[in-house]
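Protein chains in written order, with our numbering: chain A, 1 to 130; chain B, 131 to 455.
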């Protein structure tokens, strides 16, 4: 029972979501959710909020199926110190949860949210250093 | 093929190369990180021709307006003379034409320059004394024909430069100035957007310039200024700003004292707390924060959580060198 609209339209996921404008709309909401979540905000509580927001934006662009130079090695290196701080699967799940809630808030259809979550999911092992 | 000039050297940027790749290949030291236009470590500025817009995605609007770009995703279409943010050392000379105390701690310093000088009110310059001692101060006025720059300089305990300005600097003396820097300034456009400005002590200087600029450019949305200090020695321009608020419908002005003293003329509390408590949501607001780094960083987070977009938050933290003679 696949939705014919998004499978047959020929548009990429990124275009269906609205491209860069969608990333811009999502980044503030997503970052706010992450910062207010006591389970994970210690990993994001960087005093340089701008640099942090830029990273969130790169992550969202990648998860939205947008242009990116994702490298598993970079992702591992960037998260190694958080793994040392105790970063584990439950934290990763919380981030995925906020990603879904952000998109729901922006009225993105469920089937597209599932596609975004599936892309984000591919980073799990690199982020957690498995 | 565009030519990239940095300092005394000029290099050819090949069609498939970014500015970062060209410069690294020539052994020019440029900081970089992600190489995909995200981390902003390779932020540079074009001093002449504007960079391609595609190399400016994601950086602050004020920096875009000043021709800043990300070197790693910059494939230039025309020749550019470029510099790193901290290497724009085109120095000019300026003469002290006025020095007046605003409070026992803060002096109003006015300099006059002869050569052409571009700046936005709210940016900062490095002021340099003859022996090389240098400090950064924010510009409190907008560009006008008189070729002057105004600063509010607070005397810091053991502050080598600020004490010299207060005690020894004389009218007619010459100071050396760097180019104007920083992203905390007003940009026209979105004239109906509400603005909130929060500053402590001499953090009023850039905010005063930004407000003058906004009003001068016909900003129509509400402009709320919250100026705070621990005691009265950090508050100044009170009469002037009250007059402005009285005759300007969209300008609102609140003074705050966080110390012990009870003064019915001012609101009791920290400027950032008072400001944030007075507003339900900051969704859609443009925010300017200047003053003590702790206040600025804490407030940045507070205003963001209260709905302001990251792209709409402009901050200038006054970092003070801890060890001075």
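All C-beta atoms, glycine included, are put in the ideal place defined by N, C-alpha and C.
- Contact of residue 439(B) with chain A by beta-carbon distance below 7 Å involves 28.
- For residue 297(B), the number of other beta carbons within 10 angstroms of its own is below 16, and it is reported as exposed.
- The C-beta distance from residue 229(B) to residue 277(B) rounds to 17 Å, too long to fall under 8 Å, and the pair is not in contact.
- For residue 32(A), at least one C-beta of chain B is nearer than 9 Å to its own C-beta.
- Leaving aside the five residues that flank residue 127(A) on each side, the residues in its chain whose CB is nearer than 7 Å to its CB run, in chain order, 75, 79 and 92.
- Each residue's CA atom was taken as its position, placing residue 374(B) and residue 381(B) some 7 Å apart.
- Positions of the beta strand (DSSP E) runs, each at least 3 residues long and wholly inside the segment 366–412 of chain B, are given as 381–387 in order along the chain.
- The Cβ atoms of residue 195(B) and residue 317(B) sit closer than 9 Å to each other.
- Residues of the segment 50–74 of chain A with a Cβ closer than 8 Å to any Cβ of chain B, in chain order: 50, 51, 53, 54, 55, 57, 58, 68, 69 and 74.
- The Cβ of residue 187(B) sits closer than 9 Å to at least one Cβ of chain A.
- Taken through DSSP and simplified to helix, strand or coil, residue 115(A) comes out as helix.
- Counting of Cβ neighbours within 10 angstroms places residue 170(B) among the buried residues, the total reaching 16 or more.
- Annotation for residue 24(A): the continuous alpha helix (DSSP H) segment containing it runs 19–35.
- Between the beta-carbon of residue 328(B) and that of residue 367(B) there is about 15 Å, and that puts the pair past the 8 Å contact cut.
- Residue pairing by DSSP leaves residue 146(B) without any beta bridge partner.
- Under the criterion of beta carbons closer than 8 Å, residue 415(B) and residue 442(B) qualify as touching, at roughly 7 Å.
- Legend: CB atoms of the segment 231–254 of chain B lying less than 8 Å from CB atoms of chain A are not found in any residue.
- Annotation: Cβ neighbours of residue 435(B) in chain A (cutoff 8 Å, chain order): 32, 35 and 36.
- Straight-line measurement puts the Cα of residue 82(A) at about 13 Å from the Cα of residue 124(A).
- Fully enclosed beta strand (DSSP E) runs of no fewer than 3 residues occupy 198–200, 210–213, 222–231, 236–243, 254–258 and 264–268 of the segment 191–270 of chain B, in order along the chain.
- Pairwise C-beta distances place the segment 328–337 of chain B in contact with the segment 391–406 of chain B, as three or more of them are shorter than 8 Å.
- Just measuring C-alpha positions, the residue of 168(B), 178(B), 161(B) and 173(B) sitting nearest residue 133(B) is 178(B).
- Runs of alpha helix (DSSP H) with 4 or more residues, each lying fully within the segment 262–341 of chain B, are found at 290–297, listed in chain order.
- The beta carbon of residue 175(B) does not come within 9 Å of any beta carbon belonging to chain A, so the residue lies off that interface.
- Cβ-Cβ distances below 7 Å link residue 94(A) to 37, 39 and 40 in the same chain, with the five nearest sequence neighbours on each side left out; the list follows chain order.
- Under a 10 Å Cβ-count criterion, residue 377(B) is classified as exposed, with fewer than 16 other Cβ atoms of the shown protein chains found around its own Cβ.
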